[in-house]
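K.L.:
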Amino acid sequence: MTLVDEGHPGARAVTVWTLQLLDPSEVVPGRLPTFAVEWQRVDGDKAELSADLYERVGRAWGWVDRIYWTSAEWAGWANRETLHLFVVRVDGEICGYVELDQQGPNVEVAFFGLLADFIGKGIGGWLLGQGLREAWLLPGVERVWVHTCDLDAPTALSNYQARGFVITATAIEWRLPLLPES
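This note's numbering applies: residue 1 is where the sequence shown begins, and numbers increase by one.
Right, dumping it as structure tokens:
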């Protein structure tokens, strides 16, 4: 969906929450899944994988802000030293990911999610907890934050809160469904 002004014909009101953690002791780890999962940090060229996961995970939730990015734009985003990409695998297959964007003393959970076939299998809370552990291991971190909205998975906000995040702001944005690129 694309951001527009309030009152734009066809626009939908979207509630957006900003949440934060200010201390690693506030993190509540998720339960370890009852089956084997593999946690992996992705190093080297992360652009293609970042773009692929953004599209595959975000498809169901209307993640479209970057859908038309070029390979160069993805490389500029994903291959920065301050962008940290982690994946979780089940039976060798990637089932979800976390991208952490280090912004000085702040770390944003820029993207987090599971592929559709793995939603509801008890992985999400654990995956987010692992991502938060990694965020607090980065040098000089004073705050970890995230934003989510009512377009994301129905359990997104409750998962963030269950992991210890506290809402710091709520806003309404007006969005239009994404129109096909001409």
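Just so it is clear, CB atoms sit at the ideal spot from N, CA and C, and this is done for glycine as well.
(1) Cβ atoms of glycine 164 and valine 27: under 8 Å apart, would you say?
(2) What is the C-beta distance between glycine 96 and phenylalanine 118, in whole angstroms, given that I count them as a contact (C-beta under 8 Å)?
(3) How would you write the range of the beta strand (DSSP E) that tryptophan 17 sits in, first residue to last?
(4) Would you tell me roughly how many angstroms separate the C-alpha atoms of threonine 18 and isoleucine 167, rounded to the nearest one?
(5) Would the region 138-157 and the region 96-106 be scored as touching if the rule is three or more Cβ pairs under 8 Å?
(6) Let's see if you can read the secondary structure: which residues bound the beta strand (DSSP E) around tryptophan 39?
(7) Taking the alpha-carbon positions, what's the leucine 128 to proline 33 distance?
(8) Around the Cβ of threonine 70, are there at least 16 other Cβ atoms within 10 angstroms (buried) or fewer (exposed)?
(9) Indicate the three-state DSSP secondary structure (helix, strand or coil) for valine 64 in the structure shown.
(10) Which ranges would you report for the alpha helix (DSSP H) in the region 87-142 if only whole runs of at least 4 residues count?
(11) Among residues of its own chain, excluding the 5 on either side of proline 180, which ones have a beta-carbon nearer than 7 Å to its beta-carbon?
(12) Can you tell which of Phe86, Asp23, Ala13 has the C-alpha that lies nearest to the C-alpha of tyrosine 54?
(13) Assuming alanine 47 contacts alanine 78 (C-beta within less than 8 Å), just tell me the rounded distance between them.
(14) Go ahead and label phenylalanine 111 buried or exposed: buried means 16 or more other beta carbons lie within 10 angstroms of its beta carbon, across all protein chains shown.
(15) Taking a contact to mean a Cβ-Cβ separation below 8 Å, would you say valine 37 touches valine 109 in this structure?
(16) Between asparagine 159 and chain D, is there a C-beta pair that is closer than 8 Å?
P.N.:
The short version:
(1) For this step, residue 27 is matched to residue 27 along the sequence shown. For this step, residue 164 is matched to residue 164 along the sequence shown. It is a contact, given that the beta carbons lie within the stated cut-off.
(2) Counted from its first residue, the sequence shown places residue 96 at position 96. Counted from its first residue, the sequence shown places residue 118 at position 118. In this structure, glycine 96 and phenylalanine 118 form a Cβ contact; the two beta carbons are roughly 6 Å apart against a cut-off of 8 Å.
(3) One-based indexing of the sequence shown puts residue 17 at position 17. First-last of the beta strand (DSSP E) with tryptophan 17: 12-21.
(4) For the purposes of this step, residue 18 is taken as the residue at position 18 of the sequence shown. For the purposes of this step, residue 167 is taken as the residue at position 167 of the sequence shown. Cα to Cα, the separation comes out at about 6 Å.
(5) By the criterion of at least three beta-carbon pairs nearer than 8 Å, the region 138-157 is in contact with the region 96-106.
(6) What you label residue 39 is simply residue 39 of the sequence shown in a count that begins at 1. From DSSP, the beta strand (DSSP E) with tryptophan 39 extends over 38-42.
(7) For the purposes of this step, residue 128 is identified with residue 128 of the sequence shown, where counting begins at 1. For the purposes of this step, residue 33 is identified with residue 33 of the sequence shown, where counting begins at 1. When rounded, the distance between both Cα atoms is 12 Å.
(8) Walking along the sequence shown from the start, residue 70 turns up at place 70. Flag for threonine 70 reads exposed.
(9) As a working note, residue 64 is residue 64 in the sequence shown. Coil.
(10) Within the region 87-142, the runs of alpha helix (DSSP H) at least 4 residues long that lie entirely inside it are, in chain order, 124-137.
(11) Stepping through the sequence shown from its first residue, residue 180 is reached at position 180. Below a pLDDT of 50, predicted positions are generally treated as unreliable, and proline 180, at 47, falls in that range; the measurement from the model is reported next regardless. Taken in chain order, the list of residues that qualify is empty.
(12) Residue numbering aside, residue 54 sits at position 54 when the sequence shown is read from its first letter. Proximity to tyrosine 54 across Phe86, Asp23, Ala13 peaks at Phe86, based on C-alpha coordinates.
(13) As a working note, residue 47 is residue 47 in the sequence shown. As a working note, residue 78 is residue 78 in the sequence shown. A Cβ-Cβ distance of about 4 Å is found for the pair alanine 47 and alanine 78, placing them in contact under the 8 Å criterion.
(14) Locating residue 111 in the sequence shown gives position 111, where the first residue counts as 1. Per the 10 Å Cβ criterion, buried.
(15) Indexing the sequence shown from 1 puts residue 37 at position 37. Indexing the sequence shown from 1 puts residue 109 at position 109. Between valine 37 and valine 109, the gap from beta carbon to beta carbon reaches 8 Å or more.
(16) Given the protein chain composition of this structure (a single chain), no chain D is represented.
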